[in-house]
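Beneath this line is the structure, given in structure tokens, with notes to follow.
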Amino acid sequence: EAQVTQNPRYLITVTGKKLTVTCSQNMNHEYMSWYRQDPGLGLRQIYYSMNVEVTDKGDVPEGYKVSRKEKRNFPLILESPSPNQTSLYFCASSFFHLSEKGDEQYFGPGTRLTVT
Amino acid sequence: ILNVEQSPQSLHVQEGDSTNFTCSFPSSNFYALHWYRWETAKSPEALFVMTLNGDEKKKGRISATLNTKEGYSYLYIKGSQPEDSATYLCAFANAGGTSYGKLTFGQGTILTVHP
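Line order of the protein sequences matches chains A and B.
For the first sequence, position 90 matches number 130 in our numbering, and the numbering has no gaps at all.
For the second sequence, position 68 matches number 78 in our numbering, and the numbering has no gaps at all.
Set out below in structure tokens:
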């Protein structure tokens with residue numbers, strides 16, 4: 041089954057404790073992206089990657105890191121989480137050129153993170 | 011940060027009504043415009059990806075149009091059903107320089123269809 045998986049789905053952590061949210065897709069997609077969703081602010085792009093070893097900042101990259109060492113995986117790293125990073129996070133993937141019907145994004149199930 | 015605006019923010023309609031909402035985006039550095047449907051407690055799902063000025067796409071009772079010169083897209087739902095209740099998101103895909111590939115979402119339109 042074609043899918044984007046994220047782990048963990050729920051996480052409660054404390055300020056400053058490094059954490060990683062994993063994202064994996066099995067559709068051979070070149071493009072992968074991380075978003076956070078906050079009430080009233082919609083989906084905001086954190087980082088995106090157009091291929092292996094290529095990553096770019098989205099609109100809200102501060103406090104986050106990503107890596108793209110393999111095509112299928114795109115982990116999101118919070119080196120020192122803070123309460124303002126409490127949010128719902130989505131990973132998504134698509135084929136590279138975002139201009140064709142087949143290039144719509146497939147979203148993972150979401151990770152709800154709470155930082156106390 | 012680019013300005014992608016959706017209106018209205020929320021909409022309540024009766025079953026059987028037809029409805030439409032708007033996505034406004036920058037008219038420069040346009041690459042594509044995406045529409046997604048997002049149901050509560052689920053993940054967003056793609057409806058359309060539109061690239062050409064004047065394009066019109068349709069999926070069942072839902073259709074969308076695109077005007078890249080003036081920077082807007084309309085989403086139409088004909089004969090709304092309660093199962094159409096969801097948040098509808100548009101996203102602007104950027105073609106410009108260092109922002110190539112960046113996706114900026116609007117805040118969404120929350121549609122509630124009453125039986």
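The C-beta atom is built at its ideal place from N, Cα and C for all residues, glycine as well.
Contact with chain A by residue i, beta-carbon distance below 7 Å
i, result
"residue 106 of chain B", "no"
"residue 118 of chain B", "yes"
"residue 54 of chain B", "yes"
"residue 121 of chain B", "no"
"residue 111 of chain B", "yes"
"residue 31 of chain B", "no"
"residue 23 of chain B", "no"
"residue 115 of chain B", "yes"
Where the beta strand (DSSP E) through residue i begins and ends
i, result
"residue 47 of chain B", "40-48"
"residue 109 of chain A", "It is not in any beta strand (DSSP E) - residue 109 of chain A carries neither H nor E in the DSSP assignment."
"residue 22 of chain B", "20-24"
"residue 72 of chain A", "71-78"
"residue 96 of chain A", "94-97"
"residue 32 of chain B", "29-34"
"residue 77 of chain B", "72-77"
"residue 88 of chain A", "82-91"
"residue 133 of chain A", "127-134"
"residue 60 of chain B", "55-60"
Interface flag, residue i vs chain B, CB-CB below 7 Å
i, result
"residue 88 of chain A", "yes"
"residue 101 of chain A", "no"
"residue 41 of chain A", "no"
"residue 78 of chain A", "no"
"residue 114 of chain A", "no"
"residue 85 of chain A", "yes"
"residue 56 of chain A", "no"
"residue 93 of chain A", "no"
"residue 48 of chain A", "no"
"residue 144 of chain A", "yes"
"residue 147 of chain A", "yes"
Residue burial classification, residue i (beta-carbon count within 10 angstroms, cutoff 16)
i, result
"residue 62 of chain B", "exposed"
"residue 101 of chain B", "buried"
"residue 94 of chain B", "buried"
"residue 22 of chain B", "exposed"
"residue 14 of chain B", "buried"
"residue 16 of chain B", "buried"
"residue 90 of chain B", "buried"
"residue 44 of chain B", "buried"
"residue 136 of chain A", "exposed"
"residue 49 of chain A", "exposed"
"residue 46 of chain A", "buried"
"residue 52 of chain A", "exposed"
"residue 78 of chain B", "buried"
Checklist entry - Given 8 Å as the limit, is there contact between the stretch 32-39 of chain B and the stretch 84-91 of chain A, that is, 3 or more CB pairs closer than that? => result Contact between the stretch 32-39 of chain B and the stretch 84-91 of chain A is not established, with fewer than three Cβ pairs separated by less than 8 Å.
Checklist entry - Would the stretch 18-37 of chain B and the stretch 107-123 of chain B be scored as touching if the rule is three or more Cβ pairs under 8 Å? => result Short answer: they touch.
Checklist entry - So, do the stretch 110-130 of chain A and the stretch 70-77 of chain A have three or more beta carbon pairs nearer to each other than 8 Å? => result Flag = yes, the stretch 110-130 of chain A and the stretch 70-77 of chain A touch.
Checklist entry - Do the stretch 48-67 of chain A and the stretch 141-154 of chain A touch if we need at least three Cβ pairs shorter than 8 Å? => result Output reads yes: the stretch 141-154 of chain A touches the stretch 48-67 of chain A.
Item to check | Cβ contact (3+ pairs, closer than 8 Å) linking the stretch 119-128 of chain A and the stretch 57-75 of chain B | outcome: They do not touch, by the three-pair rule.
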